[in-house]
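First up is the structure itself, then whatever we jot down about it.
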Amino acid sequence: MKQIRRIRPVTTSGSGPSQRRASVRVLPPPGAQRARFRRRRAEMEEAEEGWRKAVKGAKAGSTSLSCSGSCCSSLAMAVKDPTAVERTNLLNMAKLSIKGLIESALSFGRTLDSDYPPLQQFFVVMEHCLKHGLKVKKSFLSYNKTIWGPLELVEKLYPEAEEIAASVRDLPGLKTPLGRARAWLRLALMQKKMADYLRCLIFQKELLGEFYEYHALMMEEEGAVIVGLLVGLNVIDANLCVKGEDLDSQVGVIDFSMYLKNEDDIESKERNDHIAAILDQKNYVEELNRQLNSTVSSLHTRVDSLEKSNTKLIEELAIAKNNIIKLQEENHHLRSENTLILMKTQHHLEVNKVDAEAELQTYKHSRQSLDDMYNEAHRQLREESQLRQDIENELMVQVGMKHEIELAMKLLEKDIHEKQDTLISLRQQLEEVKGINVEMYKKLQVSDDALKEKNEIIGRLEDKTNQITATMKQLEQRLQQAEKAQMEAESEDKKFKQDYMSKSESLQKDITQKEKQVGQLETDLKIEREWRQTMEEDLKREKETSSSLKTETQQIITLKKEFLKLQEKNKQLKNLCHDQEEALQELAGKLSESKLKIEDIKEANKTLQGQVWLKDKEATHCKLCEKEFSLSRRKHHCRNCGEIFCNACSDNELPLPSSPKPVRVCDSCHALLIQRCSSSVP
9 MKQIRRIRPV TTSGSGPSQR RASVRVLPPP GAQRARFRRR RAEMEEAEEG
59 WRKAVKGAKA GSTSLSCSGS CCSSLAMAVK DPTAVERTNL LNMAKLSIKG
109 LIESALSFGR TLDSDYPPLQ QFFVVMEHCL KHGLKVKKSF LSYNKTIWGP
159 LELVEKLYPE AEEIAASVRD LPGLKTPLGR ARAWLRLALM QKKMADYLRC
209 LIFQKELLGE FYEYHALMME EEGAVIVGLL VGLNVIDANL CVKGEDLDSQ
259 VGVIDFSMYL KNEDDIESKE RNDHIAAILD QKNYVEELNR QLNSTVSSLH
309 TRVDSLEKSN TKLIEELAIA KNNIIKLQEE NHHLRSENTL ILMKTQHHLE
359 VNKVDAEAEL QTYKHSRQSL DDMYNEAHRQ LREESQLRQD IENELMVQVG
409 MKHEIELAMK LLEKDIHEKQ DTLISLRQQL EEVKGINVEM YKKLQVSDDA
459 LKEKNEIIGR LEDKTNQITA TMKQLEQRLQ QAEKAQMEAE SEDKKFKQDY
509 MSKSESLQKD ITQKEKQVGQ LETDLKIERE WRQTMEEDLK REKETSSSLK
559 TETQQIITLK KEFLKLQEKN KQLKNLCHDQ EEALQELAGK LSESKLKIED
609 IKEANKTLQG QVWLKDKEAT HCKLCEKEFS LSRRKHHCRN CGEIFCNACS
659 DNELPLPSSP KPVRVCDSCH ALLIQRCSSS VP
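Just so you know, we're using our numbering here: the sequence shown kicks off at 9 and counts up by one.
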């Protein structure tokens, strides 16, 4: 087969883009040309896949913010394994969204609807978690990456999920698989079986491997943790209208401002943990801004390279059009040459035929020479017919090449349109990334101001707690001192009573002895009077003894005075002891009140920590009246003990330490709380 030569303008390396020189290029055969077009198409598809992955990686990086973990550890993990960092960030965002949704729903105290912001953010976070590590299914003109595929598996693994899948497929307004997946998540939340469905799904690793990469969140331990957290959503009652919502065109963007704000808690340790988490988040946001700036610069360079490649493709398209025009001209020229050759051959055949007839008429005798001439003419005719067949074959080849070139032109035009669309989308995404950076910077400033206010409030609360602890210590010290003084007073009183009893007994013995002696002396005096004359010396002795007795009586009088003084001191000590006992009773009352308050706080914390929230499907009868639940007799949770009762047994509302607003409690908890409040009131 002959090769057709064509002239193609080639840019010289030393001249500018406008200066070109002509170089002769040999056109390859059609099979090689088709292989080259396929190879170029595959390269262009790989380049498009790389651009889309880069853009989606930038989006995923902007949504994978975390509120826990230190900045140094997150940076170290990012250097080692960026997918692990994305999983931990998504896990932390899921924890925050689930916790915030449960707390806000319990404080809200009513059935949630579709416009509730924490509920919307929860669905956005769940969508990002399910999209993490999802495999990309390639098609000829688009890329398919949706979470509806793995969610469809649930109805095969869990028969109760067939009703949800059927209702999602029957919804009239849903056109995309992503919209069906969003409707499925909302219906599963209303049924309170989202955790059960996803738990059944994550255990089937082989089936999930068809939809997710090996490093995806649903394939790792973080998926099981998120499924465990979803069990807490069973306490929420939601009434979501799926028919009227536009679920196909919703944009899943996480609002981080909802998680940068923290309420003041009772314990200072939890506040410090929240502040540390916010600081870690601030550092992570700064690092993420740096990474986003680097990705933006790399995207700029890629856009420039894409524009250059687009200009090159446009130039190649113009060259291909010129080549097609030249091939058409060459084809027309070949056809004209073919007609001329056919006319010449026909004319030559006619001339040969006339000559042969003349020679037959004139040279009948030289038949052998005429036969030779006839054979020669026949041979020439066969050669010319073979030449004609070769020319027709070449024309067929040229026509096939023309069709292939036209197909290649159409493919090139489609690729150029797709490149222009991708350029427009990349520019829009760059503008979105810039807007996200500006919003994140503003939110960072707002979070810094909130941090300063929180630090001031924390300082004030710490001062108050220090003052309260100091007063408690002073009261305890005063109580201990009073107890010691009481013990000392009691010991002194006992000693004084013992001394007083011993002294009074000895004095009474002396008095009785003295009285006996006085009686004896009086009898002796009578005897001495009678025997005065004879017993003068004895009388003198008796006078001396009487004088000694007088001194002893004076001593007894002084002892009585001292005894009276000791009685007065005893009365004073008793009064002092009574006053101290009253002060001790007042201090004991205050201390008991403070202890009761502390015990109430501890019991509230214990009830909050050890509270078991009973699931709806586990309760079939009321715990108090033991009546069976039905459509008319609905289930109600007690916010204090977590058990399920009927409306008649839980028609009470009281404020709890966990919630300042009055919430529903059962009759037993209501009586216990009323008794506790009445005992705490003096």
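Just so it is clear, CB atoms sit at the ideal spot from N, CA and C, and this is done for glycine as well.
- In this structure, Cys-657 lies near Cys-674, with their beta-carbon atoms less than 8 Å apart.
- Cβ-Cβ separation between Val-671 and Arg-642: approximately 17 Å, too far for a contact (criterion under 8 Å).
- Rounded to the nearest whole angstrom, the C-alpha separation of Gln-482 and Leu-595 is 11 Å.
- Within the same chain, Cβ atoms closer than 7 Å to the Cβ of Lys-103 are found at Leu-237, the five residues on either side in sequence being excluded.
- The straight-line gap separating the alpha-carbon atoms of Ser-600 and Asn-583 is approximately 25 Å.
- Among the bridge pairs identified by DSSP, Asn-660 is matched with Val-673.
- For Ala-224, the three-state secondary structure derived from DSSP is coil.
- Of the candidates Gly-650, Cys-633 and Cys-654, the residue whose Cα lies closest to the Cα of Ser-640 is Cys-654.
- Within the segment 85–141, no beta strand (DSSP E) run of at least 3 residues lies entirely inside it.
- The segment 239–246 and the segment 163–178 do not touch, with fewer than 3 CB-CB distances between them shorter than 8 Å.
- Rounded to the nearest whole angstrom, the CA to CA distance from Thr-303 to Asp-89 is 18 Å.
- Close CB contacts of Ala-490 within its chain, under the 8 Å cut and outside five residues either way in sequence, are with Gln-588, Ala-591, Leu-592 and Leu-595 (chain order).
- Judged by their CB atoms, Glu-634 and Thr-628 are not nearer to each other than the 8 Å cut-off.
- Just measuring C-alpha positions, the residue of Ile-286, Cys-677, Gly-141 and Ile-432 sitting nearest Tyr-222 is Gly-141.
- In this model, Thr-479 and Gly-108 are separated by some 37 Å (Cα to Cα).
- Counting other Cβ atoms within 10 Å of its Cβ, Ser-455 reaches 16 or more and is therefore classed as buried.
- Per DSSP, reduced to three states, the secondary structure at Ser-667 is strand.
- For the pair Asn-578 and Leu-681, the Cα-to-Cα distance works out to about 48 Å.
- Judged by beta-carbon spacing, Lys-631 lies within the 8 Å limit of Glu-651, meaning their Cβ atoms are closer than that value.
- CA-to-CA, the gap between Leu-206 and Val-162 works out to about 8 Å.
- Here Phe-211 carries a coil assignment [DSSP, helix/strand/coil].
- A distance of 8 Å or more separates the beta carbons of Ile-234 and Val-132.
- Along the segment 369–444, the alpha helix (DSSP H) does not occur as any fully enclosed run of 4 or more residues.
- Here the C-alpha atom of Glu-400 lies approximately 27 Å from the C-alpha atom of Tyr-382.
- By the criterion of a C-beta distance shorter than 8 Å, Val-620 is surrounded in its chain by Gly-650, once the five residues flanking it on both sides are discounted.
- The beta carbon of Cys-137 sits closer than 7 Å to those of Leu-98, Ala-102, Leu-225 and Ile-234, all from its chain and outside the five residues before and after it, given in chain order.
- By the Cβ test, the segment 428–447 is in contact with the segment 302–321, since at least three Cβ pairs between them sit closer than 8 Å.
- Residue range 229–237 is occupied by the alpha helix (DSSP H) that includes Gly-236.
- If you look at Ile-172, you'll find it in the alpha helix (DSSP H) that goes 170–178.
- For the options Met-227, Met-202, Lys-200 and Asp-204, the alpha carbon positioned closest to that of Gln-212 is the one of Met-227.
- Taken through DSSP and simplified to helix, strand or coil, Phe-504 comes out as helix.
- Assignment of beta-bridge partners to His-644 by DSSP yields Phe-653.
- For Trp-192, the uninterrupted alpha helix (DSSP H) run begins and ends at 185–199, by DSSP.
- Ranked by how close their Cα comes to the Cα of Glu-607, the residues Pro-665, Asn-474, His-386 and Cys-249 have Pro-665 in first place.
- Shown here, Glu-636 sits in a strand according to DSSP, grouped into three states.
- Phe-130 counts as buried, since at least 16 other C-beta atoms from the protein chains shown sit within 10 angstroms of its C-beta.
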